[in-house]
Amino acid sequence: MQVPALAKAVRTDWSGLTETDYRDHLINDIHQNRGILVGNAFDLLAHFFPKDAEDLAVKMLNRPLYDDSAVYDLIGNELIETDDPLEWRQHIGAFKRRQSALLASLIPFCLFNYNSNKEIERQILRKIYPDFNPIYTPMPPATTLDETLDLLRSIEGIHSESVDKAVQGVFQRTLDFHVSSSDQDIFQSGQTYKDLISLEAVKRMVGKGFDSGYLNYFKLRVRSMSANPSHEDDNNNLKEFKDWITRLSK
459 MQVPALAKAV
469 RTDWSGLTET
479 DYRDHLINDI
489 HQNRGILVGN
499 AFDLLAHFFP
509 KDAEDLAVKM
519 LNRPLYDDSA
529 VYDLIGNELI
539 ETDDPLEWRQ
549 HIGAFKRRQS
559 ALLASLIPFC
569 LFNYNSNKEI
579 ERQILRKIYP
589 DFNPIYTPMP
599 PATTLDETLD
609 LLRSIEGIHS
619 ESVDKAVQGV
629 FQRTLDFHVS
639 SSDQDIFQSG
649 QTYKDLISLE
659 AVKRMVGKGF
669 DSGYLNYFKL
679 RVRSMSANPS
689 HEDDNNNLKE
699 FKDWITRLSK
């Protein structure tokens with residue numbers, strides 16, 4: 459297609475869009491995407507709808523953390539191994555009793571992101587979660603460590619006391635969050651994300667009354683990494699920790 463024709467088609471598609479439609483479209487992009495795409499959508503939202511961007515950032519930051527490995531284990535080891543809707547419901551019910559209602563509420567979101575190349579996850583969504591809209595998905599009620607890191611990087615341009623307070627809350631919850639997997643690679647990955655979150659948070663919060671908490675965490679991590687040098691090559695944060703210790707100790 460020629461560029462002028464494409465431009466005309468885009469103008470036609472978007473010609474009836476209201477401000478509310480555009481705002482909702484950006485918010486949906488934030489909920490559906492990851493990484494730089496979320497950052498781009500947040501930048502646009504903050505430019506055109508700054509209060510909405512601030513409110514959404516705070517709301518997303520204030521969500522509890524969860525370990526999605528249990529949900530993906532349910533999907534990969536139980537749900538997609540059968541095509542019987544009755545068994546799907548039985549597995550999901552047992553999971554909810556075994557884990558929590560919060561984790562169970564995240565099953566459709568994880569199903570939507572799951573890629574088994576069998577399409578059965580789409581069948582489960584349609585049958586068990588008919589109200590789940592894959593085009594306009596709601597905000598998941600909880601977030602993972604990697605999603606939290608993406609979010610912190612995506613809102614670098616949004617500044618307010620309420621966002622700062624929420625970011626500090628993220629740091630505190632991250633410290634308390636336990637990666638439950640017995641798989642050492644998953645556990646180490648979780649620790650790496652916790653480290654990256656702390657480094658992302660301190661850039662915003664330095665000098666705002668919370669330096670001692672970050673300093674203590676960085677010292678703890680340096681001691682731990684020094685005692686386990688086998689992990690040092692996998693974690694490039696050691697130098698940053700030491701640099702921040704020097705800066706925060708002044």
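In the working numbering, the protein residues as written are 459 to 708.
Ideal Cβ positions, reconstructed from N, Cα and C, are used throughout, including at glycine.
query, result
"Among Val-637, Ile-485, Arg-556 and Val-625, the one whose alpha carbon lies nearest that of Leu-657", "Val-625"
"Cβ separation of Ala-562 and Phe-570, assumed to be a contact under 8 Å, to the nearest whole Å", "At roughly 15 Å, the Cβ-Cβ gap does not stay under 8 Å, so Ala-562 and Phe-570 are not in contact."
"Three-way DSSP call (helix, strand, coil) for Leu-464 in this model", "At Leu-464, the pLDDT of 49 sits below 50, so the modelled position is not reliable and the matter cannot be decided from this model."
"Sufficient close CB pairs (3 or more, under 8 Å) joining the segment 585-597 to the segment 483-494", "yes"
"Runs of alpha helix (DSSP H) lying entirely within the segment 546-614, each at least 4 residues, in chain order", "559-563, 565-571, 578-586 and 603-612"
"Rounded straight-line distance, which links the Cα of Leu-560 to that of Pro-599", "8 Å"
"Beta-carbon proximity check, Asn-695 vs Leu-654, cutoff 8 Å", "yes"
"Limits of the alpha helix (DSSP H) - the one that Gly-534 falls within", "527-535"
"Among Asn-686, Ser-684 and Phe-676, nearest to Lys-700 - alpha-carbon criterion", "Phe-676"
"Neighbourhood of Arg-481 by C-beta distance below 8 Å, restricted to the same chain and skipping five residues each side", "Leu-503, Phe-506, Phe-507 and Asp-510"
"CA-to-CA distance, Ser-620 to Arg-580, given in whole angstroms", "38 Å"
"Residues that Leu-502 bridges to, as DSSP identifies them", "Answer by DSSP bridge pairing: none, since Leu-502 is not bridged."
"Contact belief for Thr-601 with Leu-523 at Cβ below 8 Å, rounded distance in angstroms", "6 Å"
"Residue from Ala-685, Arg-631, Ser-647 and Asp-622 with nearest C-alpha to Gly-665", "Asp-622"
"DSSP-derived helix/strand/coil call for Leu-657", "helix"
"Of the residues Asp-501, Asp-525 and Glu-539, the one placed nearest Asp-604, counting alpha carbons only", "Asp-525"
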